[in-house]
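Chains as they are written, first to last, in the numbering used here: chain A, -17 to 225; chain B, -17 to 225.
First up is the structure itself, then whatever we jot down about it.
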DNA sequence: CGCAATTTTGACGTAGTTCAACACGTGTGG
DNA sequence: CCACACGTGTTGAACTACGTCAAAATTGCG
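What follows is the structure in structure tokens.
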């Protein structure tokens, strides 16, 4: 709280430092007077507000890891033909650019969807800091392991889903699960982006997406108004997701 | 080499400790005399041969990370209805069960496909060891970051691929890339499992898979005999993969 | 409030999956 | 040696799910 500078904006969900996944990395800051001074010089933890701008882009030098504090990010890849493909989303408490640890350059784009805040951790400084504080490294290890599981679960949820229905259901459930960490309600979900972006990500057309949403509403699985989804029948949705 | 006990078996591809992704973790073993004795007592690096048996199963206590030395593993998940879903494969040089760092129990099955060898790193021992040797933790961090990228790339390669053709092409390319690390040829690929398993993983039937393989052969993209694939037209395959 | 952008709905055609049945090669045991 | 099972590949016919085109409805923004 004291270490995070928060810029209040309407309609934006923030997570506390307490529920941020990066917290164990930042935690040593609060330890003792002497430690704080050491850390301050090395691990510059800043809160940046970006509005619909890229956090980083393909081929850019990978020199920092980011943790999302508020808002959402979309990750995209540019195909050889120049088409943009949405390869994922990141929500508060999740990491972006953790590849930086071993990759010289990022190989995807991370762009803010609306107003967002992130914590930036400089890689060099993290390394320096890690040498002095082994606990920091342990935290980072745990963090990466968590992110790892998140990725695997996301992968698992969409792989082998041939029908658009099961794919969308799985996608919604995945979003729901990931948002549950910082959202108070288990049954509500705010879509961070428009239909086009979601359709792009899932690999079908805007119209198809719209139709399936309608179908889900008819079935009483959920209700949707603009970008706000309310889950009405979770088990039903899960049934659809499992083929 | 000296630290890995290898059991020679026919038709099995092995990777050296030198090209194993776990190597940086094991490396300190070779550092100095004194260090070796310390490490030996903590980080018990063993080479285990498993034949078509599960390395671990769902809900089992997660107490170790594994690195594949030879052979292949398939990762599966059991759906609520009891159906087995193949959620991925792991090849020599890749990690299995890295979730163990933060999860009390594994949430998927890892079963050996044919004869395999793995290096097992006990979590408790890794932690103990990490306290004494910060470099070990740095290695682990890098390792996890790499595995992270691998997962994201795998995800990226299959997401938004609605047509079976582009999905299979992307799958083959992904396998090719991952096998290039320990295989001498860039154009040949040995499928570790049968058509059914692959079809399960990609989400369609054996027939569809067979049809597309035939189509790819007709197009001159590749030739396939049983489980041995030879890539004839890499750019062509890439075209198919990108929708 | 009004215009533009986004979303929804409808009708229609086609590509691709699925189902079912068969053909082929291989290993196994009587 | 043949019968049998099993894994794999092939083929044809039916269907349905998705893409396409077009237009209406809704939302959001200035």
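Idealized CB from N, CA, C, for every residue including glycine.
- Message: Taking a contact to mean a Cβ-Cβ separation below 8 Å, would you say residue 64/A touches residue 142/B in this structure?
- Response: If you number the first chain from 1, residue 64/A lands on position 82. If you number the second chain from 1, residue 142/B lands on position 160. For residue 64/A and residue 142/B, no; Cβs fall outside 8 Å.
- Task: Using a cut-off of 9 Å between C-beta atoms, extract the partners of residue 81/B located in chain A.
- Result: Here residue 81/B is taken as the residue at index 99 of the second chain, counted from 1. 127, 128, 130, 131, 134, listed in chain order.
- Item | Under 8 Å (Cβ pairs) to chain A, residues found in the segment 177 to 209 of chain B | From the segment 177 to 209 of chain B, only 182, 183, 184, 185, 186 have a Cβ closer than 8 Å to chain A.
- Burial state of residue 178/B, where buried means 16 or more other Cβ atoms lie within 10 Å: Position 196 of the second chain holds residue 178/B. Classification for residue 178/B: exposed.
- Cβ shell of residue 85/A (< 8 Å), same chain only, five flanking positions each side left out: In the first chain, residue 85/A corresponds to position 103, counting from 1. Correct list, in chain order: 44.
- Item | Host beta strand (DSSP E) of residue 72/B (start-end) | Locating residue 72/B in the second chain gives position 90, where the first residue counts as 1. Annotation: the continuous beta strand (DSSP E) that includes residue 72/B extends over 66 to 72.
- Message: Using DSSP's beta-bridge definition, name the partner residues of residue 48/B.
- Response: Residue 48/B sits at position 66 when you count from the first residue of the second chain. In DSSP, residue 48/B forms a bridge with 78/B, 102/B.
- Through-space distance from residue 70/A to residue 235/A, alpha-carbon basis: In the structure displayed, chain A extends from -17 to 225; residue 235/A sits before or after that span and is not available.
- Query: DSSP state of residue 23/B, grouped into three classes?
  - Reply: Translated into the one-based positions of the second chain, residue 23/B becomes position 41. Residue placement at residue 23/B is poorly supported in this model, since its pLDDT is 41, which falls under 50; the coordinates are not used for a value here.
- Query: Should residue 123/B and residue 79/B be called a contact, given that it needs their Cβ atoms to be closer than 8 Å?
  - Reply: Translated into positions along the second chain, residue 123/B becomes position 141. Translated into positions along the second chain, residue 79/B becomes position 97. No. Outside cutoff.
- Task: Check whether the Cβ of residue 120/B lies closer than 8 Å to any Cβ atom in chain A.
- Result: On the second chain, residue 120/B is found 138 positions in, with the first residue counted as 1. Yes, its Cβ sits closer than 8 Å to a Cβ of chain A.
- Exposed or buried, residue 209/B, counting other C-beta atoms within 10 Å across all chains shown (16 or more means buried)? Taking the second chain and counting its residues from 1, the one referred to as residue 209/B is at position 227. It is exposed - the Cβ of residue 209/B has fewer than 16 other Cβ atoms within 10 Å.
- Pick from 150/B, 102/B, 174/B: whose alpha carbon is nearest that of residue 194/B? As a position in the second chain, residue 194/B is number 212, starting the count at 1. Of the listed residues, the one whose Cα sits closest to residue 194/B is 150/B.
- Identify the contact partners of residue 159/A in chain B, using a Cβ-Cβ distance below 9 Å as the criterion. Working through the first chain from its first residue, we reach residue 159/A at position 177. Those within 9 Å of residue 159/A in chain B number zero; the least Cβ separation is about 13 Å.
- On a CA-only basis, which of 120/B, 153/B, 136/B is nearest residue 106/A? Give me that one, please. Within the first chain, the letter at position 124 stands for residue 106/A. Closest by alpha carbon: 120/B.
- Contact under 8 Å by Cβ, residue 92/B with residue 137/B: Taking the second chain and counting its residues from 1, the one referred to as residue 92/B is at position 110. Taking the second chain and counting its residues from 1, the one referred to as residue 137/B is at position 155. No, the Cβ-Cβ distance between residue 92/B and residue 137/B is not below 8 Å.
- Query: So which residues on chain A does residue 112/B lean against when the C-beta distance must stay under 9 Å?
  - Reply: Numbered from its first residue, the second chain carries residue 112/B at position 130. Residues of chain A with a Cβ closer than 9 Å to the Cβ of residue 112/B are, in chain order, 116, 119, 120, 123.
- Sequence-distant residues of the same chain with beta carbon closer than 6 Å to residue 58/B, five excluded per side: As a working note, residue 58/B is residue 76 in the second chain. Cβ within range, chain order: 66, 68, 91.
- Item | CB of residue 146/B within 8 Å of CB of residue 223/B, strictly | Walking along the second chain from the start, residue 146/B turns up at place 164. Walking along the second chain from the start, residue 223/B turns up at place 241. Against a cut-off of 8 Å, the Cβ pair of residue 223/B and residue 146/B comes out as no contact.
- Just tell me which of 206/B, 182/B, 55/B, 111/B has its CA closest to the CA of residue 94/B. As a working note, residue 94/B is residue 112 in the second chain. Ranking the options by Cα distance to residue 94/B, first place goes to 55/B.
- Task: Tell me, to the nearest whole angstrom, how far the beta carbon of residue 72/A is from that of residue 103/A; I am working on the premise that it is less than 8 Å.
- Result: Residue mapping note: residue 72/A aligns to position 90 of the first chain, counting from 1. Residue mapping note: residue 103/A aligns to position 121 of the first chain, counting from 1. Actually they do not touch by this definition, with Cβ atoms about 15 Å apart.
- By a C-beta neighbour count over all protein chains shown, 10 Å radius and 16 as the cutoff for buried, is residue 198/A buried or exposed? The residue given as residue 198/A occupies position 216 in the first chain. So residue 198/A ends up on the buried side.
- Could you name the residues of chain B that residue 140/A contacts, counting a contact when the two beta carbons are closer than 7 Å? Mapped onto the first chain, residue 140/A falls at position 158. Simply 141.
- Query: How about residue 227/B: is its C-beta nearer than 8 Å to some C-beta of chain A?
  - Reply: Residue 227/B lies beyond the range of chain B shown here (-17 to 225); nothing can be said about it.
- Message: Checking 8 Å against the spacing of the C-beta atoms, do residue 164/A and residue 74/A come in under that value?
- Response: Residue mapping note: residue 164/A aligns to position 182 of the first chain, counting from 1. Residue mapping note: residue 74/A aligns to position 92 of the first chain, counting from 1. Contact flag set, yes.
- Query: Can a CB atom of chain A be found closer than 8 Å to the CB of residue 88/B?
  - Reply: For the purposes of this step, residue 88/B is taken as residue 106 along the second chain, with counting starting at 1. Closer than 8 Å: no.
- Query: Alpha carbon to alpha carbon, how far is residue 81/A from residue 118/A?
  - Reply: As a first step, residue 81/A must be located in the first chain, where it is residue number 99. As a first step, residue 118/A must be located in the first chain, where it is residue number 136. About 18 Å.
- Query: Going by DSSP, which residues form a beta bridge with residue 213/B?
  - Reply: The residue given as residue 213/B occupies position 231 in the second chain. DSSP lists 204/B as partners of residue 213/B.
- Item | Neighbour flag for residue 62/B against chain A, beta carbons, 8 Å | Within the second chain, the letter at position 80 stands for residue 62/B. Residue-level contact check: residue 62/B touches chain A, since one or more beta carbons of chain A fall below 8 Å from its beta carbon.
- Query: If we call anything under 8 Å between Cβ atoms a contact, is residue 158/B one with residue 206/B?
  - Reply: If you number the second chain from 1, residue 158/B lands on position 176. If you number the second chain from 1, residue 206/B lands on position 224. It is not a contact, given that the beta carbons lie outside the stated cut-off.
- Task: Anything in chain B within Cβ reach of residue 41/A, meaning under 8 Å, just list it in chain order.
- Result: Residue 41/A sits at position 59 when you count from the first residue of the first chain. Chain order gives no chain B residues near residue 41/A, where near means a beta carbon separation below 8 Å; the closest approach is about 15 Å.
- Message: Looking only at its chain, what residues have a beta carbon closer than 7 Å to the beta carbon of residue 183/B, apart from the 5 residues adjacent to it on each side?
- Response: In the second chain, residue 183/B corresponds to position 201, counting from 1. Excluding sequence positions up to five before and after residue 183/B, its CB lies within less than 7 Å of the CB of 68, all in the same chain and listed in chain order.
- Task: Closer than 9 Å by beta-carbon distance: list the chain B residues that pair up with residue 85/A, in chain order.
- Result: Taking the first residue of the first chain as position 1, residue 85/A is located at position 103. Listed along the chain, the chain B residues whose CB falls inside 9 Å of the CB of residue 85/A are 127, 128, 131.
- Query: Is it true that the CB of residue 203/A sits closer than 8 Å to the CB of residue 219/A?
  - Reply: Start at 1 with the first residue of the first chain, and residue 219/A comes out as number 237. Start at 1 with the first residue of the first chain, and residue 203/A comes out as number 221. Yes.
- Query: Quick one: is residue 168/B buried, meaning 16 or more other Cβ sit within 10 Å of its Cβ, or exposed?
  - Reply: If you number the second chain from 1, residue 168/B lands on position 186. Exposed, since its Cβ has fewer than 16 Cβ neighbours within 10 Å.
- Message: Any beta carbon of chain B sitting closer than 8 Å to that of residue 78/A?
- Response: Here residue 78/A is taken as the residue at index 96 of the first chain, counted from 1. It does not; no Cβ of chain B falls within 8 Å.
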